[in-house]
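Enquirer: Have a look at this one.
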Amino acid sequence: FTASVVAKCDGAMVKSILLENIFEPLLALGLSKDTSVHKLEWVMVLLGSVVRISGPHLLPYESEITRAIDAALEHDEARIRKLGAKLIRRSIRGLSESYIASRASSTLLKCNTP
Numbered sequence: 595f596t597a598s599v600v601a602k603c604d605g606a607m608v609k610s611i612l613l614e615n616i617f618e619p620l621l622a623l624g625l626s627k628d629t630s631v632h633k634l635e636w637v638m639v640l641l642g643s644v645v646r647i648s649g650p651h652l653l654p655y656e657s658e659i660t661r662a663i664d665a666a667l668e669h670d671e672a673r674i675r676k677l678g679a680k681l682i683r684r685s686i687r688g689l690s691e692s693y694i695a696s697r698a699s700s701t702l703l704k705c706n707t708p
């Protein structure tokens, strides 16, 4: 569903729907020292998904994404380090590849641009 939002919306809608309401809160949780390992696992998975489909819309967040990756790669838990490596891969793919939502998902939402 999120992929169809990004595929069909302009930059302002992506910023409003995806970045401000989903990505920014996840990033804050990922960078917080108080986040439990279990919750951090889910945060890293979701961050990877958002990064993968958001591409150049995430360029303003470069330093925060880098901090999240660094924190994950230095984490005590091997599974968090593995998710940090996946976040690197998804970041590169998100910036270098096109993400095409399936036809079924692209009909779920039509963006109303101002």
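Position one of the sequence shown corresponds to residue 595 (my numbering), numbered consecutively onward. Here a beta-carbon is modelled for each residue, glycine too, at the ideal position from N, C-alpha and C. Since we're looking at a predicted model, the values are computed, not measured.
Could you give the first and the last residue of the continuous alpha helix (DSSP H) run that contains H632?
Expert: Taking the first residue of the sequence shown as 1, we reach residue 632 at position 38. Counting along the chain, the alpha helix (DSSP H) containing H632 begins and ends at V631 to S648.
Enquirer: Compute the Euclidean distance between the alpha carbons of S610 and F617, then round it to the nearest angstrom.
Expert: Position 16 of the sequence shown, counted from the start, is the residue given in the question as residue 610. Position 23 of the sequence shown, counted from the start, is the residue given in the question as residue 617. Each residue's Cα considered, the two are about 10 Å apart.
Enquirer: For a cutoff of 8 Å on Cβ pairs, would you count A679 as touching chain B?
Expert: Checking the listed chains, one finds no chain B in this structure; it contains a single protein chain.
Enquirer: Within the same chain, show all residues whose beta-carbon is closer than 7 Å to that of R684, passing over the 5 residues directly before and after it, in chain order.
Expert: Counted from its first residue, the sequence shown places residue 684 at position 90. These residues qualify, in order along the chain: G642, V645 and R646.
Enquirer: Are the beta-carbon atoms belonging to I663 and E635 less than 8 Å from one another?
Expert: Taking the sequence shown and counting its residues from 1, the one referred to as residue 663 is at position 69. Taking the sequence shown and counting its residues from 1, the one referred to as residue 635 is at position 41. No, the pair does not count as a contact, with Cβ atoms beyond the cut-off.
Enquirer: Report yes if the C-beta distance between L640 and L620 is below 8 Å; otherwise report no.
Expert: The residue you call residue 640 lines up with position 46 of the sequence shown. The residue you call residue 620 lines up with position 26 of the sequence shown. Yes, these two residues count as a Cβ contact at 8 Å.
Enquirer: Starting from S685 and walking both ways along the alpha helix (DSSP H), at which residues does that stretch end?
Expert: Within the sequence shown, residue 685 is the residue found at index 91, counting from 1. A672 to S690 is the extent of the alpha helix (DSSP H) around S685.
Enquirer: Compute the beta-carbon to beta-carbon distance between G688 and G649, rounded to the nearest angstrom, for a pair I have assumed lies under 8 Å.
Expert: What you label residue 688 is simply residue 94 of the sequence shown in a count that begins at 1. What you label residue 649 is simply residue 55 of the sequence shown in a count that begins at 1. The Cβ separation is near 5 Å, so the contact holds.
Enquirer: So what's D628 in DSSP terms, helix, strand or just coil?
Expert: Here the question's residue 628 lines up with position 34 in the sequence shown. Of the three classes helix, strand and coil, the one that applies to D628 here is coil, per DSSP.
Enquirer: Tell me, to the nearest whole angstrom, how far the beta carbon of M607 is from that of G624; I am working on the premise that it is less than 8 Å.
Expert: On the sequence shown, position 13 is the one that residue 607 refers to. On the sequence shown, position 30 is the one that residue 624 refers to. Their Cβ separation, rounded to whole angstroms, is 24 Å, which puts M607 and G624 out of contact at 8 Å.
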